[in-house]
């Protein structure tokens with residue numbers, strides 16, 4: 544349904560042609576300094592019309608905060624917020640409405656609800672994601688202030704244009720296909736690990752395609768223009784890194800951290816694929832090469848030498864960089880006629896419609912970041928509940944030493960350390 | 544946490560070395576004929592020791608139903624069930640316990656809980672999945688009886704050994720890598736679509752690797768033996784098809800059907816990747832080729848000519864076969880020494896341990912099927928709530944015709960049709 | 544938190560001094576004809592300034608629907624709605640802010656959140672209930688159209704002014720206190736049962752006190768005026784009847800119908816007590832007198848001769864009228880000085896504040912009705928899921944006859960019967 | 544359904560005539576020392592056969608812990624547990640099965656599920672509460688160790704036999720019925736407040752009736768014997784106090800602490816009424832008398848001079864003793880013939896059945912305590928999440944002083960203080 548989360552909850556509403564789209568964000572930590580601008584920044588990265596590569600509609604998308612904040616500080620109560628729709632009348636009837644758009648949500652929404660919005664796909668509209676981005680911006684403000692967590696998404700492929708092997712996520716590195724050879728050269732290269740550690744939103748936003756590798760960005764732009772000129776569309780992938788996540792997040796068994804992230808990412812319109820860490824490529828690397836050996840890090844804590852796991856082991860964050868990749872299919876709405884059938888089954892040609900976004904992947908970056916922030920925030924609250932609650936128990940003295948070699952209390956940062 | 548679902552709820556308990564593992568299945572439809580054998584069949588497909596390719600432990604894994612059934616019929620109340628652990632004493636302390644096993648859950652469980660089970664990874668044990676398989680078997684019994692739904696998983700790759708392009712899921716078809724060429728030859732081939740439509744558990748179980756393509760199965764066996772002999776391990780992928788799912792399942796916006804499936808699959812131990820329909824490969828195919836055009840099917844209902852979407856559009860099932868692929872990383876536990884560090888950071892060599900499963904993918908098949916059944920059952924209950932509730936409203940006469948061309952009431956099957 | 548419900552979900556936001564208060568209503572059945580007026584009617588019954596017995600503030604409280612409806616018909620997607628606050632600036636600081644108001648939420652909100660809204664009690668404001676009333680109005684529209692369900696609340700006591708024994712709920716009937724005498728004369732009198740069966744909102748609204756017994760209403764008015772003149776406040780009880788609820792609602796074991804109703808009612812500000820059916824008085828009546836014997840009703844179905852149970856048995860509705868009573872404490876905010884302490888513990892006198900509602904019970908009536916509608920709607924959806932799902936199973940033939948004497952399929956109304 | 548809680552979750556299964564009843568307790572803090580005996584103590588207080596006032600069946604009710612504990616310490620993973628049923632065959636068919644028992648769950652269970660357990664009421668069986676008592680015992684162990692919280696329930700009335708006014712909860716104090724007199728003499732008497740502060744389980748268990756006032760206990764015993772001899776039954780009330788609860792628990796708006804407690808209590812079989820603090824009686828006391836003025840307590844913290852509120856204000860605990868009262872109706876199962884109707888509507892006489900518990904209230908005491916512990920534990924975890932999360936934020940310097948006079952960080956106890 545339209546609510547995400549256990550303790551940090553995002554509930555959204557709104558279609559394309561109604562008065563507004565918006566959200567209620569419940570469970571926001573009290574005492575957080577938060578302004579509309581904190582939210583607006585990500586909303587503006589999401590909205591159309593940022594370059595001539597995307598749809599030319601110029602939506603203003605100004606956020607209006609309704610509640611939950613006084614004097615610039617959160618009260619701990621729900622934050623209501625909304626963004627007005629410019630065009631909030633139901634669409635007029637046209638002949639194209641006789642056709643469910645192929646691979647769009649028109650037909651399935653009608654099958655599910657029995658009525659459908661004039662815009663066809665109802666809540667499958669990209670405008671629905673505004674509430675998510677707003678919720679994510681709030682989560683992110685906390686995560687940055689309290690933990691220095693950084694979340695950066697970028698475009699890792701458009702069509703067949705991929706990042707070069709040296710800086711690509713493992714699955715985008717070409718394989719030799721030799722089943723007797725265990726190597727996967729270049730996968731998890733040091734350059735890729737370095738990219739994960741350093742990539743910033745500023746770097747990413749330098750290119751309209753949001754690909755941090757300029758040379759590849761040029762080829763992606765070219766690929767998108769080719770789709771645009773062909774009245775066609777093209778998909779791509781977004782890779783996202785989350786830096787600075789404390790160890791211990793994720794709730795086995797059903798709410799392992801990668802399961803929550805996968806759920807969140809595949810709830811974004813047009814997504815069809817998710818992988819974390821080495822992902823599908825990791826299925827080809829033998830355990831002896833794939834295992835991330837432990838080392839003592841500079842700060843004295845355990846870490847891993849490699850990071851095939853993508854920062855999550857046993858469904859729980861291990862403190863290393865979390866990285867994952869999300870696949871967005873090519874947009875269903877294209878500006879060329881399609882041979883298909885009407886709702887009543889009559890075969891025919893669905894006429895070309897107006898101009899559309901030939902590639903949504905660059906605009907999807909802030910949405911991926913937002914859902915990542917929402918997941919981490921919710922999991923952090925749950926783990927904090929466990930830690931803070933267990934910390935009040937008297938020490939256990941009856942356990943064999945190996946059961947408490949490390950542990951909760953030791954892992955609890957000193958008050959002073961955490962307050963920055 | 545350890546509960547899945549909204550109306551059909553599976554709650555599991557149990558580690559490797561406790562008295563039993565088990566589950567409570569709540570929300571089971573009343574009046575369903577159900578026996579222990581219905582559950583045992585899938586449990587036996589999951590358990591180790593089925594062939595010499597898997598771990599030689601011979602667990603019996605007999606299910607004991609505690610409640611919720613009388614005279615072989617479900618009461619609609621929770622079904623408690625358990626499977627006893629053969630070895631239910633905490634493990635003895637050994638020197639290897641000084642080391643968190645690389646890429647295993649030992650360290651993250653300790654970071655999360657502050658104490659850890661003697662077995663190390665606690666609930667990350669494969670035995671936890673017994674409760675899921677039992678819950679899935681109950682869901683599946685309903686889905687088969689009421690809707691004729693069939694769920695069949697199979698091994699689509701082991702290491703670099705993939706199904707041949709003609710019968711492989713799109714992402715396993717090699718690409719030409721030519722970014723100026725929009726074609727992806729062989730992806731979504733008619734043979735693959737035919738395989739999805741016809742593959743059965745009987746066929747799958749003919750091979751110990753659970754790959755329905757005998758020639759590939761031979762190569763997979765060879766690949767697993769090579770890992771076994773090298774005291775190493777290897778991963779792989781499971782592809783699963785769900786046939787006969789009614790249209791309308793999935794709850795936008797956050798609980799789109801693919802999001803639920805991704806969550807369920809990535810909650811299984813050792814999973815790192817998920818894709819539905821054309822998945823990652825679909826990001827490379829232009830919209831004009833990727834869109835699934837509508838056609839009137841033999842039964843008079845709308846369907847799609849192709850099925851790049853994998854049976855889900857706009858987050859909602861469209862009645863076509865649902866297929867998806869899950870990536871399992873190579874098992875972390877290997878029978879060779881590893882250079883790593885102890886909990887306290889001391890570098891050292893973790894000695895080789897006993898014999899282990901070099902490849903878990905064949906045994907993962909019934910777990911994937913179980914989670915798929917649980918997701919579909921829960922979503923079906925929710926959509927049935929909407930359908931049955933909306934069906935009691937007086938007909939709406941004020942809507943423009945295109946808003947109700949098809950719809951809920953018309954879509955409701957006649958009583959007789961659905962009862963087989 | 545701020546979300547109610549499993550399938551019919553009401554999420555609210557808003558304090559006294561923010562831009563607006565509002566709600567998102569998710570899970571609304573699609574195809575329901577719904578207008579702003581359907582919601583406004585109950586909002587207007589809730590708002591202050593309806594008579595000189597209540598606070599003289601004249602809030603307009605006009606609802607603005609944001610989404611989920613087109614052409615006057617629900618889409619099945621979330622309905623966002625809001626009501627603007629007239630005064631949406633944080634309050635200025637005054638010396639009274641040094642004092643937490645006794646028995647108000649000022650101190651506990653500060654203890655919980657660490658910061659507090661300028662209005663003190665934050666979400667404990669009565670304005671928060673606007674979102675509930677709106678959600679309830681939507682639920683009620685469905686319940687009326689699909690099932691002819693009627694929900695009517697009325698004031699059954701103000702201070703010590705009670706309805707006369709002949710028409711009072713059992714607990715308001717004076718007891719003889721004779722512990723050797725099992726009788727409780729007049730409790731559950733035929734007049735009371737008749738009142739439950741016939742009372743309407745029109746009757747209730749004839750009196751500003753919303754007591755349907757004119758003579759008692761006069762005494763209640765007098766009692767409220769006495770509180771008003773003494774710069775004091777007084778509490779009271781609301782009794783509510785729900786007519787026409789189908790049998791089978793309520794989800795054992797934790798979500799028994801009375802448990803859900805109690806939860807919903809005690810979530811309303813200022814409530815401290817709940818009883819259903821014979822309630823506390825029923826604890827004094829022996830089982831032989833208290834048991835509701837079964838009879839065949841005029842429509843051929845089983846019913847009960849008496850209704851001590853209040854329409855719920857075993858936690859499940861039995862088709863009889865559901866009635867319950869809710870106790871509202873005397874309002875904490877009074878217009879006279881109070882001896883108390885400041886936040887820092889300094890003893891002192893909290894000065895009198897402006898005019899306040901001396902008795903909120905009449906205005907609480909639509910809030911009680913709204914929460915009742917929300918509970919019934921959610922439970923109806925869940926039970927419809929079970930019924931519709933179980934109805935698709937093949938008939939069970941192996942059960943002893945007494946296990947299926949009646950039952951789900953037989954209980955399913957014919958299509959035509961239910962569609963009015 | 545059969546799961547309670549957000550972070551501390553109790554899921555139960557089991558009917559009267561199945562193999563076992565049990566529960567899975569999820570979200571238990573790791574590192575808690577816990578033995579079967581901790582659970583058994585409360586189970587034994589719940590089971591029948593403790594005195595000749597209760598049913599003579601001698602159930603052993605030994606708990607078997609399945610998981611989640613090693614070396615006597617919780618792992619933080621789910622604790623599975625079960626208690627075997629002595630008689631686990633479905634009952635034989637008898638002629639009385641033609642009749643739904645009046646005011647029992649037989650008919651409503653059949654209406655709801657369409658099939659019914661051989662025992663009739665299915666999960667409405669008192670044996671279902673075993674899982675709750677076990678879950679409550681685990682919660683209580685934590686609450687005692689970490690916070691010194693004490694939960695004590697006692698019988699406050701049986702039929703018309705009440706505690707004397709001086710030690711009775713407000714609603715059990717007789718009223719003068721004079722609507723022009725604002726006084727309610729004796730309500731909230733110092734003796735009652737003293738009783739709340741001092742009553743212990745040891746005192747309560749001295750009397751088979753579990754009434755801590757010996758003289759009243761004698762009259763209660765007499766009343767129960769009279770019901771027993773008349774082959775009849777009688778109800779009563781349980782009052783419960785929770786001492787030592789930290790301020791700040793309860794989640795507005797829908798999950799106010801009293802709403803959660805009411806939900807929990809009315810989920811217990813045979814309950815029909817709930818009030819907290821002054822409850823229904825509080826509706827008759829003017830605000831000026833009912834308001835709990837603040838005072839600085841001996842420990843320097845704010846407290847209240849009186850406690851009409853019952854320890855909860857604005858839906859949030861304020862640190863004072865929480866007390867509430869639960870009404871249990873007279874048991875439906877009686878050993879005398881009843882004039883009623885069969886399932887098919889035929890009027891007739893339901894013959895007397897065997898011996899039954901004439902009054903369940905004494906045995907209900909540990910169940911009330913268990914549900915109270917479960918509610919507090921879950922709310923504590925949620926508030927700890929908020930506190931621990933907010934505590935990591937940088938201090939807010941921009942708020943008006945009255946918004947942060949007290950607050951979260953100040954309220955956080957020093958590490959040392961809380962660890963006892």
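Chains as they are written, first to last, in our numbering: chain U, 544 to 963; chain C, 544 to 963; chain X, 544 to 963; chain Z, 544 to 963. Think of the CB as a built atom: it goes at the ideal place given N, C-alpha and C, for glycine as much as any other residue.
Looking only at its own chain, which residues have a Cβ that is under 6 Å from the Cβ of residue i, when we skip the five neighbours before and after it?
i	result
residue 784 of chain C	695, 739, 864, 866
residue 667 of chain C	648, 812
residue 672 of chain X	910
Are the C-beta atoms of residue i and some chain U residue less than 9 Å apart?
i	result
residue 927 of chain C	no
residue 886 of chain X	no
residue 951 of chain C	Only weak support exists for where residue 951 of chain C lies, its pLDDT of 36 falling under 50; the coordinates are left without a value.
Using a Cβ-Cβ cut-off of 8 Å (strictly less than) and excluding sequence neighbours within five positions of residue i, which residues of its own chain qualify?
i	result
residue 829 of chain U	725
residue 984 of chain C	Past the edges of chain C, shown from 544 to 963, lies residue 984 of chain C, and the structure says nothing about it.
residue 574 of chain X	616, 617, 619
Any beta carbon of chain C sitting closer than 9 Å to that of residue i?
i	result
residue 726 of chain Z	no
residue 895 of chain U	no
residue 772 of chain U	no
residue 858 of chain Z	no
List the residues of chain Z whose Cβ lies closer than 7 Å to the Cβ of residue i, in chain order.
i	result
residue 882 of chain U	Under the 7 Å cutoff, chain Z gives no residues; its nearest Cβ is about 48 Å from residue 882 of chain U.
residue 789 of chain U	Near residue 789 of chain U there are no residues of chain Z at all, since even the closest Cβ is about 10 Å away, more than 7 Å.
Using beta carbons (cut-off 9 Å, strictly below), is residue i in contact with chain Z?
i	result
residue 812 of chain U	no
residue 923 of chain U	yes
residue 939 of chain X	yes
residue 652 of chain U	no
residue 918 of chain U	no
Quick check: is the beta carbon of residue i nearer than 9 Å to any beta carbon in chain X?
i	result
residue 655 of chain U	yes
residue 678 of chain C	no
Which bits of chain X does residue i rub up against, with CB to CB less than 9 Å?
i	result
residue 802 of chain Z	805, 806, 807, 808, 809, 810, 811, 814
Name the chain U residues whose beta carbon is nearer than 8 Å to that of residue i?
i	result
residue 619 of chain Z	929, 933
Hey, residue i and residue j are a contact pair by Cβ (cut 8 Å); roughly how many whole angstroms apart?
i	j	result
residue 848 of chain C	residue 727 of chain C	Between residue 727 of chain C and residue 848 of chain C the Cβ distance is about 17 Å, and since that is not below 8 Å, they are no contact.
residue 779 of chain C	residue 857 of chain U	Not really, about 20 Å apart at Cβ, beyond 8 Å.
Requested in this report: Check each residue of the segment 550-566 of chain Z: if its Cβ is closer than 9 Å to any Cβ of chain C, include it; give the result in chain order.
Outcome: For the segment 550-566 of chain Z, the beta-carbon criterion of a distance under 9 Å to any beta-carbon of chain C is satisfied by 550, 552, 554, 555, 556, 557, 558, 560, 561, 562, 563, 564, 565, 566.
Report task. Note down, in chain order, all residues in the segment 564-590 of chain C with a beta-carbon under 7 Å from any beta-carbon belonging to chain X. Result -> Residues passing the 7 Å Cβ filter: 572, 573, 574, 575, 576.
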